Amino acid sequence: MCGIVGYIGTQAASGILLEGLRKLEYRGYDSAGIATVLEGEIHCVRAKGKLINLEEKLAGEDNPARIGIAHTRWATHGKPEEYNAHPHMDTAKRIAVIQNGIIENYRDLREELKSRGCEFRSDTDTEVIPHLIAEQLAESDTSLLEAVRLVVNRLKGAFAIAVISADYPDELIVGRQQAPVVLGFGQGEFYCASDTPALVPYTRAVLPLENGELARMTPLGVEIYSFDGHRLKKTPRTLNWNPVMVEKQGFKHFMLKEIYEQPGVVRACLEAYFDGEWAATDADKSPTHLGLPPELLTDLQHIQIVACGTSWHAGLVGKYLIEQVAGVPTTVHYASEFRYAPAPITSNTLTIGVTQSGETADTLAALEMEKKRRSGFTQPELQSRLLGITNRPESSLGDLVPHIIDTHAGIEIGVAATKTFVAQVMAFYALALDLTYRRTAKSPEQLEEILIGLRQLPAQMEVVLESQERYIEELAHDFAETQDFIFLGRGINFPIALEGALKLKEISYIHAEGYPAGEMKHGPIALLDAKVPVVAIAMPGAVYEKVLSNAQEARARDARLIGVTPMDEQEAADTFDTLIPVPHVDELLSPILTVIPLQLLAYHIAARRGLDVDQPRNLAKSVTVE
Ligand code: AGP
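Start counting the sequence shown at 0; every next residue gets the next number (the numbering used here).
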């Protein structure tokens with residue numbers, strides 16, 4: 000969603016704020032704006048569209064202000080126009096506010112303010128905040144902190160805000176309620192941002208604000224308060240990131256860089272999750288070291304996974320693994336559906352929230368709901384058991400659930416998830432094998448065989464990247480004008496077909512459907528003709544012959560057939576018009592390889608079309624609103 004950034008200190012703020020917005024632009028890019036306090040006035044500049052438009056407006060300005068706030072917007076309330084861009088100000092233009100989130104009771108507050116003569120300049124929910132703060136300051140001889148505190152207590156919804164005032168030129172007030180904001184600590188200078196990439200170029204000493212907390216930042220230091228006014232003691236921690244991690248490092252787009260980082264991510268997951276030496280002869284110890292307590296996983300009768308988008312696809316791969324390898328019945332739910340229509344309560348149930356950002360509002364709400372509805376039970380088998388799988392253990396998810404599997408993918412900037420998906424799938428391999436071992440659902444020899452296969456994956460992924468990227472880039476030329484695509488898969492590769500279709504939709508704006516190959520004949524086959532390419536994932540295993548037959552059905556309708564299939568498979572070579580070969584691998588492990596050509600295909604088609612791959616229209620990297 001939106002990105003907010005703030006600075007107070009010894010340097011000119013505007014350069015630091017713009018640099019911060021650049022790092023946060025993945026969160027939204029409908030408009031951008033900046034406000035600083037200069038010579039007793041607020042200096043506010045805003046522009047519709049991407050950050051570049053704001054930068055052009057600011058070009059040539061030499062603004063020495065040492066305090067400021069800035070915002071990049073993903074529109075929720077009000078069109079993406081300049082008048083709706085943040086920062087928003089009070090009538091007298093003495094207070095400027097930026098916000099990420101949604102103020103749910105803004106209509107009531109707006110009417111109330113209007114009834115007292117307040118005039119609004121935007122359609123946003125945010126504009127009520129500066130007007131309310133101005134009223135508080137006018138009503139009583141109070142501090143800026145206290146005025147903000149009184150106002151945030153009136154706001155309903157999920158929000159993170161930063162506030163400056165022309166009358167308090169040495170104070171930046173930051174608040175958080177259910178939307179992320181992290182503080183950064185330098186020498187006599189302090190920062191706040193929606194996400195850490197905006198901070199790492201300046202400092203690695205950070206402190207995420209928690210829900211219901213306010214920070215008063217001055218050039219002398221940072222004070223933290225609760226929304227009820229109590230001073231809190233907090234200590235920053237050190238991030239083990241470096242600024243290079245948030246640069247493109249020679250790649251044209253972050254997405255391509257992140258696709259290429261995947262073998263390294265799988266290596267990191269193998270190291271973090273598995274005993275590297277484990278063999279069948281070590282059957283008296285677990286092959287995994289996830290650090291999850293026995294009470295979370297013993298006697299499980301049911302696992303329910305809640306997630307959105309790509310994370311939901313990873314959840315589907317997880318379901319396949321957990322059911323087919325460990326033998327635990329598993330259901331996968333869209334978090335946005337589950338939160339309002341949860342499955343009936345079952346005994347001994349583990350609920351897993353999968354979210355790379357750890358901030359997706361629907362996933363957090365589904366988990367919160369699950370926790371709450373089970374809190375009334377005294378029977379141990381009905382109490383909640385919650386686990387999170389995330390790339391950001393320091394996120395809101397980390398606060399909400401007691402146990403986390405960290406996916407170790409490193410920061411992902413491209414809006415289309417790639418390496419974080421692969422890392423989530425790796426987390427599910429680890430969890431499934433952990434459960435398999437605990438439940439003795441497979442023999443040690445079978446476990447060892449899976450582990451041997453997993454350890455070979457990084458090198459096999461490198462083969463796919465090295466041997467296929469150029470070819471897929473050329474292949475993408477054929478599809479620059481294509482309007483519809485179908486992706487087919489079965490079994491463990493059905494979620495990969497969904498993921499391939501989602502990637503293509505997100506960044507190339509081509510309509511694409513992912514379908515279980517066997518279901519085509521029940522309807523979607525009517526869509527096929529010579530203009531609709533079909534990408535089928537056909538990996539030898541339980542459903543190989545079936546997928547090839549389904550592909551033949553598509554071929555009989557003149558569709559161009561593209562097969563993601565192992566090298567040197569004659570039957571596949573005879574079936575498909577175009578082959579994208581991947582190394583021979585056990586079907587169970589194949590998603591980690593088969594997803595790569597689909598990511599590359601989506602990437603190159605979008606790049607060929609000249610689209611903004613890293614910041615596709617209408618999307619945001621983390622969706623912190625409902
Ligand atoms: C992925 O390419 C998408 N941008 C999107 O579907 C994403 O996976 C979804 O919004 C969930 O995000 P999360 O993993 O941070 O919860």
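Cβ coordinates follow ideal geometry from the N, Cα and C atoms, glycine included.
Quick caveat: nothing in here was measured; it's all calculated off a predicted structure.
Query raised in the report: Run through DSSP, which three-state label would residue 321 get?
Result: It is helical.
Report task. Could you tell me the boundaries of the beta strand (DSSP E) in which residue 95 lies? Result -> That run of the beta strand (DSSP E) goes 94-102.
Query raised in the report: Which ranges would you report for the beta strand (DSSP E) in the stretch 124-148 if only whole runs of at least 3 residues count?
Result: The stretch 124-148 contains no whole beta strand (DSSP E) run of 3 or more residues.
Query raised in the report: Is the beta carbon of residue 261 within less than 7 Å of some heavy atom of the ligand AGP?
Result: No, Cβ of residue 261 sits at least 7 Å from all heavy atoms of the ligand AGP.
Report task. Report the rounded CA-to-CA distance for residue 573 versus residue 554, giving the unit in angstroms. Result -> A straight-line Cα-Cα distance of about 12 Å links residue 573 and residue 554.
Query raised in the report: Should residue 484 and residue 534 be called a contact, given that it needs their Cβ atoms to be closer than 8 Å?
Result: The answer is yes: Cβ separation under 8 Å.
Query raised in the report: CB of residue 505 to nearest heavy atom of the ligand AGP: below 7 Å?
Result: It does: the Cβ of residue 505 is within 7 Å (strictly closer) of some heavy atom of the ligand AGP.
Query raised in the report: If we ignore side chains and look at the alpha-carbon of each, how far apart do residue 139 and residue 148 end up?
Result: Straight through space, the alpha carbons of residue 148 and residue 139 are spaced by roughly 14 Å.
Report task. May I ask whether a heavy atom of the ligand AGP can be found less than 7 Å away from the beta carbon of residue 314? Result -> Residue 314 has its CB no nearer than 7 Å to any heavy atom of the ligand AGP.
Query raised in the report: Between residue 245 and the ligand AGP, is the CB less than 7 Å from at least one heavy atom?
Result: No - the ligand AGP has no heavy atom lying nearer than 7 Å to the Cβ of residue 245.
Query - Residue(s) in a DSSP beta bridge with residue 512 - result: Paired residue(s): 485.
Query - beta strand (DSSP E) runs contained entirely in the stretch 240-322, provided each spans 3 or more residues - result: Taking only runs of at least 3 residues, the beta strand (DSSP E) segments lying wholly in the stretch 240-322 are 301-306.
Query raised in the report: Rounded to the nearest angstrom, how far is the Cβ of residue 2 from that of residue 70, given a contact under 8 Å?
Result: About 7 Å separates the Cβ atoms of residue 2 and residue 70, confirming a contact at the 8 Å cut-off.
Requested in this report: Say whether the stretch 322-329 touches the stretch 518-528, bearing in mind that this needs 3 or more beta-carbon pairs closer than 8 Å, one atom from each stretch.
Outcome: Contact between the stretch 322-329 and the stretch 518-528 is absent, because fewer than three Cβ pairs lie under 8 Å.
Requested in this report: Determine the closest residue to residue 429 out of 551, 604, 355 and 268, with distance taken between C-alpha atoms.
Outcome: Ranked by Cα distance from residue 429, the first of 551, 604, 355 and 268 is 268.
Query raised in the report: Looking at residue 559 and residue 576, is the spacing between their C-beta atoms short of 8 Å?
Result: The answer is yes: Cβ separation under 8 Å.
Requested in this report: Identify every run of the alpha helix (DSSP H) within the stretch 548-582, keeping only runs that are complete inside it and at least 4 residues long; order them along the chain.
Outcome: As far as the stretch 548-582 is concerned, its whole alpha helix (DSSP H) runs of at least 4 residues are 569-574.
**Report entry** Cβ-based burial, residue 439 [other Cβ within 10 Å; buried from 16]
**Finding:** Here residue 439 is exposed, its C-beta having fewer than 16 other C-beta atoms within 10 Å.
Query raised in the report: Exposed or buried, what is residue 566 when buried is set at 16 or more other beta-carbons lying within 10 Å of its beta-carbon?
Result: Around the beta carbon of residue 566, fewer than 16 other beta carbons sit within 10 angstroms, so the residue counts as exposed.
Query raised in the report: CB residue 313 to CB residue 353, shorter than 8 Å?
Result: Their beta carbons are under 8 Å apart, which means residue 313 touches residue 353 by this criterion.
Query raised in the report: Do you know how far the Cα of residue 456 is from the Cα of residue 259?
Result: Near 14 Å, if we compare the C-alpha coordinates of residue 456 and residue 259.
Query raised in the report: Do you know how far the Cα of residue 162 is from the Cα of residue 386?
Result: As the crow flies, the alpha-carbon of residue 386 is around 35 Å from that of residue 162.
**Report entry** The alpha helix (DSSP H) enclosing residue 455, as first and last residue numbers
**Finding:** Per DSSP, the unbroken alpha helix (DSSP H) holding residue 455 starts and ends at 443-476.
**Report entry** CA nearest to the CA of residue 499, picked from 209, 444, 281 and 595
**Finding:** Residue 595 is the option with its Cα nearest to residue 499.
Query raised in the report: In chain order, what residues of the same chain lie with their CB nearer than 8 Å to the CB of residue 405, ignoring the 5 residues before and after it?
Result: Within the same chain, residue 405 has close Cβ partners 271, 389, 390 and 392.
Query raised in the report: Just to confirm, does residue 356 get its C-beta within under 7 Å of one of the non-hydrogen atoms of the ligand AGP?
Result: Judged by the Cβ position, residue 356 qualifies as a neighbour of the ligand AGP at the 7 Å threshold, a heavy atom of the ligand being closer than this.
**Report entry** Close beta carbons around residue 307, own chain, < 8 Å, minus the five adjacent residues each side
**Finding:** If we look at residue 307 and ignore the five residues flanking it on each side, its Cβ neighbours are 333, 334, 335, 354, 359, 361, 362 and 622.
Query raised in the report: When DSSP builds the beta bridges, which residues end up paired with residue 189?
Result: Note: residue 189 sits in a beta bridge opposite 7 and 184.
Requested in this report: Give the DSSP-derived three-state secondary structure of residue 428 in the structure shown.
Outcome: Per DSSP, reduced to three states, the secondary structure at residue 428 is helical.
**Report entry** DSSP bridge partner residues for residue 222 (one or two, in chain order)
**Finding:** In DSSP, residue 222 forms a bridge with 215.
Query raised in the report: Whole-angstrom Cβ separation of residue 34 and residue 95, contact assumed at under 8 Å?
Result: Indeed, because the Cβ distance is near 4 Å, the residues count as touching under 8 Å.
Query - Start-to-end residues for the alpha helix (DSSP H) that takes in residue 114 - result: Run containing residue 114: 105-114, per the alpha helix (DSSP H) assignment.
Query - Burial state of residue 617 (16 or more Cβ within 10 Å) - result: It is exposed - the Cβ of residue 617 has fewer than 16 other Cβ atoms within 10 Å.
Query raised in the report: Ends of the beta strand (DSSP E) at residue 50?
Result: The continuous stretches of beta strand (DSSP E) do not include residue 50, which lies in the alpha helix (DSSP H) extending over residues 50-57.
**Report entry** Residues that residue 30 bridges to, as DSSP identifies them
**Finding:** Residue pairing by DSSP places residue 30 opposite 47 and 72 in a beta bridge.
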